[in-house]
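Okay, so here's the structure we're looking at.
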Amino acid sequence: SDVMFVVGQEQQKVFAHRCVLACRCQAFRGMLSQAPVGSQDSSSSVPAQGPFILGNVQPEVFLAVIEFLYTNSVTLNSHIALEVLTSSVEYGLQDLCKLCVKFIKDTLSVEQVCEALQAAVTYGQVDLQQHCLAFIEGCTAAVVRTQGFRELSDVVLARVLRSDRLAVDELDLVQAVREWAHVSSAVLERPVPEVAALPVRELRLPLLAPSELVTLESYNQQDLLIPV
Numbered sequence: 001s002d003v004m005f006v007v008g009q010e011q012q013k014v015f016a017h018r019c020v021l022a023c024r025c026q027a028f029r030g031m032l033s034q035a036p037v038g039s040q041d042s043s044s045s046v047p048a049q050g051p052f053i054l055g056n057v058q059p060e061v062f063l064a065v066i067e068f069l070y071t072n073s074v075t076l077n078s079h080i081a082l083e084v085l086t087s088s089v090e091y092g093l094q095d096l097c098k099l100c101v102k103f104i105k106d107t108l109s110v111e112q113v114c115e116a117l118q119a120a121v122t123y124g125q126v127d128l129q130q131h132c133l134a135f136i137e138g139c140t141a142a143v144v145r146t147q148g149f150r151e152l153s154d155v156v157l158a159r160v161l162r163s164d165r166l167a168v169d170e171l172d173l174v175q176a177v178r179e180w181a182h183v184s185s186a187v188l189e190r191p192v193p194e195v196a197a198l199p200v201r202e203l204r205l206p207l208l209a210p211s212e213l214v215t216l217e218s219y220n221q222q223d224l225l226i227p228v
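Numbering follows the UniProt record's numbering, with no gaps: position 100 of the sequence shown is 100.
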């Protein structure tokens with residue numbers, strides 16, 4: 001090996017070969033070309049070719065990227081698949097991206113589907129978006145109770161609510177959106193009506209029974225989730 005990376009908060013050392021990384025990945029080629037072999041930073045005793053500090057990447061994720069560059073395959077698990085997908089986009093590794101998408105689709109779960117959908121929208125993975133939405137439509141009542149649902153962006157949540165095939169009672173869906181809005185309000189430090197403006201437009205309030213509308217109004221007097 002002739003290049004070293006110090007990865008993650010654990011500062012794990014990862015060794016590799018410049019020729020392999022540069023040949024397989026343009027992003028690494030650019031990184032390594034800025035630090036030619038044998039060059040020396042005048043302000044440091046460390047050779048300019050390394051170590052490269054990657055403090056914001058999990059070692060397991062970076063090792064998966066390195067594995068792909070060496071073998072054209074990757075070992076994934078549910079804990080790192082989305083992070084490896086992120087890295088594949090950042091490094092411009094389309095084939096690795098495809099492997100990640102396939103793994104995520106094959107192992108999708110109620111607990112992870114919202115996080116997967118958010119990533120799919122962020123990185124423009126249309127096929128994964130459609131797969132996640134279909135999954136959510138099949139088990140909506142369980143999905144809306146997950147932490148991932150409460151962490152969706154307003155744009156992605158609105159996209160979910162736009163479906164007319166959600167398997168959940170409408171009042172339960174309104175309550176789930178209310179919980180989402182309170183979480184988002186706290187995180188973004190913005191009023192509930194403001195953070196919920198986009199998703200609320202997609203709620204089908206006319207489907208509620210008169211008694212449910214009374215219940216909804218009692219809650220709405222407290223947080224003004226729904227404009228009146």
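Built from N, CA and C at the ideal position, the CB exists for glycine as well.
Worksheet item: Going by other Cβ atoms of all chains shown within 10 Å of its Cβ, with 16 needed for buried, is residue 132 buried or exposed?
Response: Against the sequence shown, residue 132 aligns to sequence position 132. Residue burial is scored here from C-beta neighbours: residue 132 has at least 16 other C-beta atoms within 10 angstroms and is therefore classed as buried.
Worksheet item: Mind pulling the alpha helix (DSSP H) runs of 4 or more residues that sit fully within the region 159 to 219?
Response: The qualifying runs are 170 to 188, 192 to 195 and 197 to 200.
Practice prompt. Give the straight-line distance between the Cα atoms of residue 10 and residue 54, rounded to the nearest whole angstrom.
Written response: Residue mapping note: residue 10 aligns to position 10 of the sequence shown, counting from 1. Residue mapping note: residue 54 aligns to position 54 of the sequence shown, counting from 1. Taking C-alpha positions only, residue 10 is separated from residue 54 by approximately 11 Å.
Worksheet item: Exposed or buried, which one is residue 200 when buried takes at least 16 other CB atoms within 10 Å?
Response: Residue 200 sits at position 200 when you count from the first residue of the sequence shown. Residue 200 should be labelled buried.
Worksheet entry | Straight-line gap, residue 64 to residue 86 (C-alpha atoms, nearest Å) | For this step, residue 64 is matched to residue 64 along the sequence shown. For this step, residue 86 is matched to residue 86 along the sequence shown. Cα to Cα, the separation comes out at about 12 Å.
Practice prompt. Identify whether residue 53 lies in helix, strand or coil by the three-state DSSP scheme.
Written response: Reading the sequence shown from its first residue, position 53 is the one you call residue 53. Residue state, collapsed to three classes: strand.
Worksheet item: So what does residue 6 bridge to, in DSSP terms?
Response: Taking the sequence shown and counting its residues from 1, one reaches residue 6 at position 6. Per DSSP, 13 and 53.
Worksheet item: Of all the alpha helix (DSSP H) runs that stay within the bounds of the region 70 to 99, which reach a length of 4 or more residues?
Response: Entirely contained in the region 70 to 99, the alpha helix (DSSP H) runs reaching 4 residues are, in chain order, 81 to 90.
Item to complete: Report yes if the CB atom of residue 225 is closer than 8 Å to the CB atom of residue 191, and no otherwise.
Response: Your numbering for residue 225 matches position 225 in the sequence shown. Your numbering for residue 191 matches position 191 in the sequence shown. Cβ atoms of residue 225 and residue 191: not closer than 8 Å.
Worksheet item: If you scan the region 107 to 163 from start to end, which runs of the alpha helix (DSSP H) of 4 or more residues do you find wholly inside it?
Response: Listed in chain order, the complete alpha helix (DSSP H) runs (minimum 4 residues) inside the region 107 to 163 are 113 to 122, 126 to 138, 140 to 143, 147 to 150 and 154 to 161.
Worksheet item: Just how far apart, CA to CA, sit residue 229 and residue 32?
Response: No answer is possible for residue 229: the residues shown for the chain start at 1 and end at 228.
Item to complete: Mark residue 140 as exposed unless 16 or more other C-beta atoms lie within 10 angstroms of its C-beta, in which case mark it buried.
Response: The residue given as residue 140 occupies position 140 in the sequence shown. With a 10 Å radius around the Cβ and a threshold of 16 neighbouring Cβ atoms, residue 140 comes out buried.
Worksheet item: Using the beta-carbon count (16 or more within 10 Å), is residue 88 buried or exposed?
Response: Start at 1 with the first residue of the sequence shown, and residue 88 comes out as number 88. Buried, by the Cβ-count rule.
Worksheet item: So what's residue 58 in DSSP terms, helix, strand or just coil?
Response: Taking the first residue of the sequence shown as position 1, residue 58 is located at position 58. Coil, per DSSP.
Item to complete: Would you tell me roughly how many angstroms separate the C-alpha atoms of residue 183 and residue 145, rounded to the nearest one?
Response: Start at 1 with the first residue of the sequence shown, and residue 183 comes out as number 183. Start at 1 with the first residue of the sequence shown, and residue 145 comes out as number 145. Using only the alpha carbons, I get a separation of about 13 Å.
Worksheet item: What first and last residue would you give for the alpha helix (DSSP H) that runs through residue 21?
Response: Position 21 of the sequence shown holds residue 21. From DSSP, the alpha helix (DSSP H) with residue 21 extends over 18 to 24.
Worksheet item: Of the residues 114, 83 and 172, which one's Cα is nearest the Cα of residue 155?
Response: Along the sequence shown, one-based indexing puts residue 155 at 155. Measuring from the Cα of residue 155, the nearest candidate turns out to be 114.
Fill in: Beta-carbon proximity of residue 81 to residue 103, cut-off 8 Å
Counted from its first residue, the sequence shown places residue 81 at position 81. Counted from its first residue, the sequence shown places residue 103 at position 103. In contact: residue 81 and residue 103 (Cβ atoms closer than 8 Å).
Worksheet item: Quick one: is residue 209 buried, meaning 16 or more other Cβ sit within 10 Å of its Cβ, or exposed?
Response: The residue you call residue 209 lines up with position 209 of the sequence shown. With fewer than 16 other Cβ atoms within 10 Å, it is exposed.
Discussion item. Once the 5 residues before and after residue 150 are set aside, which same chain residues still bring their CB inside 7 Å of it?
Written reply: Residue mapping note: residue 150 aligns to position 150 of the sequence shown, counting from 1. Closer than 7 Å at the Cβ level, and outside the excluded window around residue 150, lie 179, 180 and 183.
Fill in: Sub-8 Å separation of residue 16 and residue 1 beta-carbons
Locating residue 16 in the sequence shown gives position 16, where the first residue counts as 1. Locating residue 1 in the sequence shown gives position 1, where the first residue counts as 1. Contact annotation: residue 16 and residue 1 have beta-carbon atoms nearer than 8 Å.
Practice prompt. Can you say whether residue 72 is buried or exposed, counting buried as having 16 or more other CB atoms within 10 angstroms of its CB?
Written response: Sequence index remark: in the sequence shown, residue 72 carries index 72 (1-based). Answer is exposed; the Cβ neighbour count stays below 16.
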